[in-house]
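Student: Numbering (this note's numbering), first residue to last: 11 to 609.
1. Using alpha carbons as the reference points, say which of 86, 365, 560 and 24 lies closest to residue 398.
2. Can you grab the Cα-Cα spacing for the pair residue 304 / residue 190, in whole Å?
3. Could you spell out the range, first to last residue, of the alpha helix (DSSP H) harbouring residue 68?
4. Between the alpha carbons of residue 92 and residue 349, how many angstroms are there, rounded?
5. Looking only at C-alpha atoms, which of 552, 289, 250 and 245 sits nearest to residue 364?
6. Which ranges does the alpha helix (DSSP H) cover as unbroken runs of at least 4 residues, wholly within the stretch 443-498, from first to last along the chain?
7. Return the CA-CA distance between residue 599 and residue 501, expressed in angstroms with no decimal places.
8. Taking all protein chains shown into account, decide if residue 25 is buried (16 or more other Cβ within 10 angstroms of its Cβ) or exposed.
9. Starting from the Cα of residue 388, find the closest Cα among 56, 34 and 425 and give me that residue.
10. How long is the line joining the alpha carbons of residue 11 and residue 375, rounded to whole angstroms?
11. Using beta carbons (cut-off 9 Å, strictly below), is residue 242 in contact with chain C?
12. Quick check on the burial criterion: 16 or more other C-beta atoms within 10 angstroms. Buried or exposed for residue 286?
13. Check for me: the alpha helix (DSSP H) holding residue 291 runs from which residue to which?
14. With burial defined as no fewer than 16 other Cβ atoms inside 10 Å of the residue's Cβ, what is the status of residue 70: buried or exposed?
15. So, under 8 Å CB-CB, residue 579 and residue 593 are touching, yes? Tell me the CB distance rounded to an integer number of Å.
16. Would you identify the three-state DSSP class for residue 581, choosing helix, strand or coil?
17. Measuring only the C-alpha atoms, how far is residue 107 from residue 37?
18. Please look up how many angstroms separate the CB atoms of residue 318 and residue 169, rounded, as I've assumed it's under 8 Å.
19. Under 8 Å by Cβ, that's how I've got residue 522 and residue 441 pegged, so tell me the actual separation to the nearest angstrom.
20. Just mark residue 122 as buried or exposed, buried being the case when its beta carbon has 16 or more other beta carbons within 10 Å.
21. Taking 9 Å as the threshold (C-beta atoms), are residue 59 and residue 351 in contact?
22. Would you list the residues sitting across from residue 594 in a DSSP beta bridge?
23. Mind checking whether the beta-carbon of residue 312 lies closer than 8 Å to any heavy atom of the ligand PLP?
24. Among 30, 45 and 167, whose alpha-carbon lies nearest the alpha-carbon of residue 53?
25. Sort 414, 40 and 459 by Cα distance to residue 130 and report the nearest one.
26. So for residue 346, helix, strand or coil by DSSP?
27. Thinking residue 432 and residue 485 are a contact (beta carbons under 8 Å), I'd like their distance in whole angstroms, please.
28. So the candidates are 90, 55 and 33; which of them puts its Cα closest to the Cα of residue 114?
29. With distance defined between alpha-carbon atoms, name the residue in 157, 186, 297 and 344 nearest to residue 119.
30. Any contact between the stretch 511-528 and the stretch 442-461? By contact I mean 3 or more CB pairs, one from each, below 8 Å.
31. Taking the continuous beta strand (DSSP E) assigned at residue 513, which residues delimit it?
32. Note down, in chain order, each residue of its chain lying with its Cβ closer than 7 Å to the Cβ of residue 334, except the 5 sequence neighbours on either side.
33. Is the beta carbon of residue 321 sitting closer than 9 Å to the one on residue 455?
34. For the beta strand (DSSP E) containing residue 565, list its first residue and its last residue.
35. Considering just the uninterrupted stretch of the beta strand (DSSP E) at residue 106, what are its terminal residues?
36. In terms of alpha-carbon separation, which member of 311, 383 and 481 lies closest to residue 186?
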C-alpha cells in the first residue's frame with residue numbers, strides 16, 4: 011500500500027496540543043477539570059510549605075500576636091480540605107465516566123478511519139504494525155497524557171507562583187537550579203526517542219508472540235492443534251518470540267536507565283543535594299542574610315521550584331517526547347491517504363447494468379509478477395457468471411477488484427459505461443452482496459447476522475434463510491444469539507449451517523449484483539443442489555458472479571470463464587466448453603469420475 015508520508019514530523023508541543031484538542035472536542039469538562047485538579051494538587055501544598063511555614067516561624071520569632079498562628083492554621087486547613095474535596099468529587103463522580111467516554115470517542119475516530127483502509131493496507135507489514143500500535147496505545151495515551159497534562163499545568167502555575175516568592179528572598183537560588191537543569195536536560199530528548207523505539211520494537215515482537223498465543227485458545231485452530239503433533243513446534247516458536255521481547259527490553263534497559271542515572275545524579279545529587287544546600291548554609295551562617303523563616307522558605311521554595319523545573323524540562327520532556335511520537339503516529343494514521351478513494355458520483359442500485367472489465371491487470375505490492383494479466387470480459391444484465399480454475403488463478407482477486415477492495419494496476423471496470431472509480435466507495439459497494447470464501451459470523455443474533463444491521467425485517471430474514479437451505483430449529487427464532495463470545499447460551503453452528511447463514515445475506519440484501527466465492531464449499535451434495543436451485547429462483551432479478559471448485563455448481567451458469575495464471579483461457583457455456591475438450595472439460599470429467607468411483 012502506498013500512502014503519503016509527512017515531509018516533516020510535528021513538534022512535540024504541536025502533538026500534545028493536537029491530542030488535548032481532540033480530548034476537549036469530546037469532553038471539555040474533563041480537560042478543564044484536569045487543569046483545575048493539577049493546580050489544586052500542586053500549588054496549595056507547596057505554597058503552604060513555603061509562605062505558610064515562613065509566616066508561622068516569623069510570628070513565633072517575633073513573639074507578637076501568637077493568636078494569628080491559629081488563624082493561619084485554620085486557613086491552611088480550609089484550603090487543604092477544599093482541594094481534597096474537589097479532587098475527590100471530580101475523580102469519583104466525573105473523571106472515571108468521562109475518561110471512558112473520551113476513550114470510546116477517540117477509538118470511534120480510529121475505527122472510522124480503519125473502515126476506510128484498503129485491503130492492501132493489511133499486506134503492508136510496516137503500516138499494519140503502526141496501525142496495531144495506534145489502536146492498542148489509544149487507551150494508554152489517554153490515561154498517561156491526561157495525567158501528564160494535569161501535572162504539567164499544575165507545575166507551570168507552581169513554578170511562577172513560587173518563583174515570584176523565591177525571587178523576593180534570594181534570586182541566586184534560581185540561577186543555581188536553572189544552571190543544572192540546563193546542563194542535563196538535553197538527555198531527556200534522547201531518553202524519549204529511545205522509549206519510542208522500544209515501544210515500536212515491542213509491538214513487532216508482541217505481534218509474533220500474540221499470534222502463537224491465539225493459536226492455543228481460538229476455536230479455529232482447536233482441531234488441528236489437538237489432532238496433530240504441532241504443539242512442540244508452536245511452543246518453541248512462542249518461546250523464541252517471548253525471548254525476543256525479553257532481549258529487546260534488556261537492550262533498551264541498559265541504554266535508558268544509564269541515561270536516567272546520569273541525568274538524576276547530575277541534577278538531584280550534585281545540584282540539589284550539594285551545591286544548593288551549600289549556598290543556603292553560607293547565606294545563613296556566614297552572611298547572616300536570611301532569617302529563620304526566610305531560610306526555611308528559601309530552602310523549601312528552592313526544592314519545590316527545582317522539582318517543578320525538573321519535571322517540566324527533564325522528566326516531562328522525556329515522557330512527552332515519547333507520547334509525542336505516539337501521537338505523531340496517531341495523526342499520521344488519521345491523515346493517511348489510501349489508494350481507494352471516493353469518486354464524485356453516488357452510484358444507484360436500480361436494475362442490473364452491463365459490467366465491462368477492460369484490459370485489467372493487477373499486481374500485489376511486493377510481487378514482481380502480476381496476479382491478473384490483461385483481463386477482458388463483459389457481463390450482461392441478469393447473467394449468471396461462473397469463474398473457475400485452479401488455486402491461485404486469480405478468481406478471488408478479480409472479484410475483489412470488482413468490489414473495489416483493491417484498484418487495478420492497469421485497465422478499468424465499468425458499470426453501464428461508468429468507471430466504478432467515479433462513484434463513492436460506499437455507494438458502489440452497496441450495489442453488491444458478497445459472500446466470501448472466508449466469511450465470518452458475528453456475535454449477534456441470527457437476524458443481525460443475516461441483515462448485517464440491528465434493524466431488520468424478520469420476515470425477509472426468515473425467507474432468506476429458507477432460500478439458503480438453513481433448516482435448523484432455533485429456540486428464539488431470528489433473535490437467537492450466535493456464538494458464545496458474550497452469551498453462554500449462544501448457538502454454535504456447524505460449518506455448513508454457518509455458510510448458509512452467510513449465503514442468506516446475499517438473498518436478504520436488496521441490490522442488483524451478487525458475488526459468491528465458493529458458496530457450496532461446506533455443503534453436502536444434496537444441500538448444494540438445493541442451494542443452486544434456490545439461487546437460480548431467487549436471483550432472477552440479479553446479476554450473479556460466483557467462484558466454485560465444484561463444477562457441478564457451474565453447469566447452469568450462462569457463461570463460464572476458466573482462469574489460469576491470471577488470464578482467461580476459456581469461456582462459454584457448459585456445453586460449449588465440454589465440446590472444446592480443454593481445461594474445463596478435463597476438470598469436469600475428473601470430478602465426475604471421482605463421484606462415479608464413490609458410488
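Quick reminder that beta carbons are idealized off the backbone N, C-alpha and C, glycines included.
Predicted model only: the values in this text are computed from it and were never measured.
Tutor: The answer reads as follows:
1. The shortest Cα separation from residue 398 among 86, 365, 560 and 24 belongs to 560.
2. The alpha-carbon atoms of residue 304 and residue 190 are separated by roughly 23 Å.
3. 63-72
4. The alpha-carbon atoms of residue 92 and residue 349 are separated by roughly 56 Å.
5. When only C-alpha atoms are compared, the closest one is 552.
6. 456-461 and 468-478
7. 40 Å
8. buried
9. 425
10. Since pLDDT at residue 11 reaches only 40, below the 50 mark, its modelled position is unreliable, and the value read off the structure follows with that caveat. The alpha-carbon atoms of residue 11 and residue 375 are separated by roughly 7 Å.
11. Of the protein chains in the structure, only one exists, and it is not chain C.
12. buried
13. First-last of the alpha helix (DSSP H) with residue 291: 286-292.
14. It is exposed - the Cβ of residue 70 has fewer than 16 other Cβ atoms within 10 Å.
15. 6 Å
16. Residue 581: strand per DSSP, three-state reduction.
17. C-alpha separation (whole angstroms): 11 Å.
18. Confirmed, about 5 Å.
19. That belief holds up - the Cβ atoms of residue 522 and residue 441 are roughly 6 Å apart, short of 8 Å.
20. exposed
21. Not in contact: residue 351 and residue 59 (Cβ atoms no closer than 9 Å).
22. Its beta-bridge partners do not exist; DSSP assigns none.
23. This structure lacks the ligand PLP, and indeed carries no ligand of any kind.
24. 167
25. 414
26. coil
27. Between residue 485 and residue 432 the Cβ distance is about 48 Å, and since that is not below 8 Å, they are no contact.
28. 33
29. 344
30. yes
31. Residue 513 -> not in any beta strand (DSSP E); alpha helix (DSSP H) instead, spanning 505-518.
32. Answer for residue 334: 22, 25 and 26, listed in chain order.
33. no
34. Where residue 565 is concerned, there is no enclosing beta strand (DSSP E), given that its DSSP letter is neither H nor E.
35. Not the beta strand (DSSP E): residue 106 falls in the alpha helix (DSSP H), residues 106-124.
36. 311
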